Amino acid sequence: MIRRIDVLSYNNALRQLSPMWKSSFAALMFLLSYTVHPVLQAAITLWMMSWCVVQARIPFRAYGMLFGTALLFYALSVPALLVEFGHPAAGEAGIFPLPGLNLPVYVTAAGLQRAGELLARISACMSCFFFLMFTTPFSELLQVLRRLRMPQIVLEPDADYVPLLIPAE
Numbered sequence: 659m660i661r662r663i664d665v666l667s668y669n670n671a672l673r674q675l676s677p678m679w680k681s682s683f684a685a686l687m688f689l690l691s692y693t694v695h696p697v698l699q700a701a702i703t704l705w706m707m708s709w710c711v712v713q714a715r716i717p718f719r720a721y722g723m724l725f726g727t728a729l730l731f732y733a734l735s736v737p738a739l740l741v742e743f744g745h746p747a748a749g750e751a752g753i754f755p756l757p758g759l760n761l762p763v764y765v766t767a768a769g770l771q772r773a774g775e776l777l778a779r780i781s782a783c784m785s786c787f788f789f790l791m792f793t794t795p796f797s798e799l800l801q802v803l804r805r806l807r808m809p810q811i812v813l814e815p816d817a818d819y820v821p822l823l824i825p826a827e
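Here it is as structure tokens:
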């Protein structure tokens with residue numbers, strides 16, 4: 659998949675735009691999508707998807723595969739957000755009590771709301787990141803980071819560096 663992303667980033671319709679402009683745009687939209695209301699986050703998700711699929715002409719299948727794979731990790735974390743153990747607090751009745759278990763397990767409306775808000779935020783932030791990833795080759799991203807004075811050790815790690823190994827006791 660990395661090779662496919664690399665090919666798409668070199669052959670997209672937004673390739674001629676400045677990598678600094680694309681990076682600034684993606685960073686601004688990322689910050690915005692992290693802080694605004696979930697409805698606006700959904701709008702940012704659709705807007706950034708349209709930038710990638712329509713404007714940059716990234717195939718929807720490639721975009722969808724990567725987006726779906728990333729959302730799979732969200733789906734795996736949803737039970738931790740939804741399921742609560744014990745007895746619900748006063749005024750917080752569980753929506754779906756799970757029968758057949760000795761331990762009281764339930765799902766609350768607050769848990770469903772929290773999971774929905776997190777889905778909106780994750781989708782918006784990922785779409786901003788995918789815009790940058792699909793429209794800007796990695797070598798140009800490194801140039802942007804150099805221009806932003808990122809330390810050299812981050813950009814080009816030393817080949818002679820060997821991490822300190824702690825002997826087993």
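Under this note's numbering, the first residue of the sequence shown carries the number 659, and numbering increases by one thereafter. We put the beta carbon where it would ideally sit given N, CA and C, even for glycine. Quick caveat: nothing in here was measured; it's all calculated off a predicted structure.
State yes or no: is the C-beta of residue i within less than 8 angstroms of the C-beta of residue j?
i	j	result
MET707	CYS786	no
THR703	ALA782	yes
MET791	ILE663	yes
PRO677	GLU775	no
THR793	SER691	no
LEU740	GLY769	yes
PRO696	ALA778	yes
Check for me: the beta strand (DSSP E) holding residue i runs from which residue to which?
i	result
VAL765	763 to 765
Whole angstroms is fine: what's the gap from residue i's alpha carbon to residue j's?
i	j	result
ASN670	LEU813	25 angstroms
TYR732	GLN771	15 angstroms
SER682	LEU734	32 angstroms
MET687	CYS710	14 angstroms
PHE788	PRO809	24 angstroms
ALA714	LEU672	5 angstroms
ILE716	ARG661	14 angstroms
LEU724	ALA701	19 angstroms
ARG805	MET659	28 angstroms
VAL694	ILE780	12 angstroms
ALA684	HIS745	44 angstroms
GLN674	VAL736	40 angstroms
GLN801	PHE743	50 angstroms
VAL712	GLY722	13 angstroms
THR727	ALA720	11 angstroms
LYS680	LEU698	21 angstroms
ALA738	PRO762	15 angstroms
So what does DSSP say about residue i, is it helix, strand or coil?
i	result
GLU814	coil
VAL694	coil
PRO809	coil
SER676	coil
ARG715	coil
For the alpha helix (DSSP H) holding residue i, just list the boundary residues, first then last.
i	result
GLY736	The question names Gly, but residue 736 in the sequence shown is Val. Counting along the chain, the alpha helix (DSSP H) containing VAL736 begins and ends at 718 to 740.
ARG661	660 to 668
LEU799	796 to 805
For residue i, write down the residues that DSSP places opposite it in a beta bridge.
i	result
PHE743	VAL763
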